[in-house]
Ligand code: 5GP
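Here it is as structure tokens:
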């Protein structure tokens, strides 16, 4: 399997501004932010995209959403956008499942 840039961020081979980590997820700042706070939540268990989920990985999107919700609450962020890009035609550049978290409040 090809190692994506997000595999390398997860293994700390490539540096990133990590904002949250636990046993299941890593959240770090997007290198090209489109809002004052723009984070990417990735699962530690690999899936390439929403379109490529299998019975073993179909829990991941919901888990990422709940992690983002808890993170927002912990930072006092009451409004935000959550987005999955699905496939190249859907604007997905990195073939590693990730949830965009965008908020106007800067943290
Ligand atoms: P996609 O378009 O695949 O949904 O989103 C990928 C995101 O990853 C883009 O918003 C892009 O700015 C971000 N990104 C790409 N390479 C890197 C990197 O090396 N470090 C960080 N922190 N973000 C990256």
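Numbering (our numbering), first residue to last: 29 to 135.
Glycine included, each C-beta is placed from N, C-alpha and C at the ideal position.
Rounded Cβ spacing between residue i and residue j (contact assumed at less than 8 Å)
i	j	result
residue 70	residue 126	5 Å
residue 73	residue 82	With a Cβ gap of about 11 Å, residue 73 and residue 82 do not count as contacting.
residue 91	residue 52	6 Å
Near the ligand 5GP: residue i beta-carbon under 7 Å from a heavy atom
i	result
residue 125	no
residue 119	yes
residue 68	yes
residue 44	yes
residue 56	yes
residue 59	yes
Proximity of residue i and residue j at Cβ, strictly below 8 Å
i	j	result
residue 128	residue 60	no
residue 131	residue 104	no
residue 133	residue 64	yes
residue 37	residue 56	yes
One or two residues paired with residue i in a DSSP bridge
i	result
residue 48	55
residue 109	130
Item to check | the region 76–89 in contact with the region 100–119 per 3-pair CB rule at 8 Å | outcome: Flag = yes, the region 76–89 and the region 100–119 touch.
Item to check | Contact between the region 90–97 and the region 37–54 (3+ Cβ pairs under 8 Å) | outcome: These segments touch.
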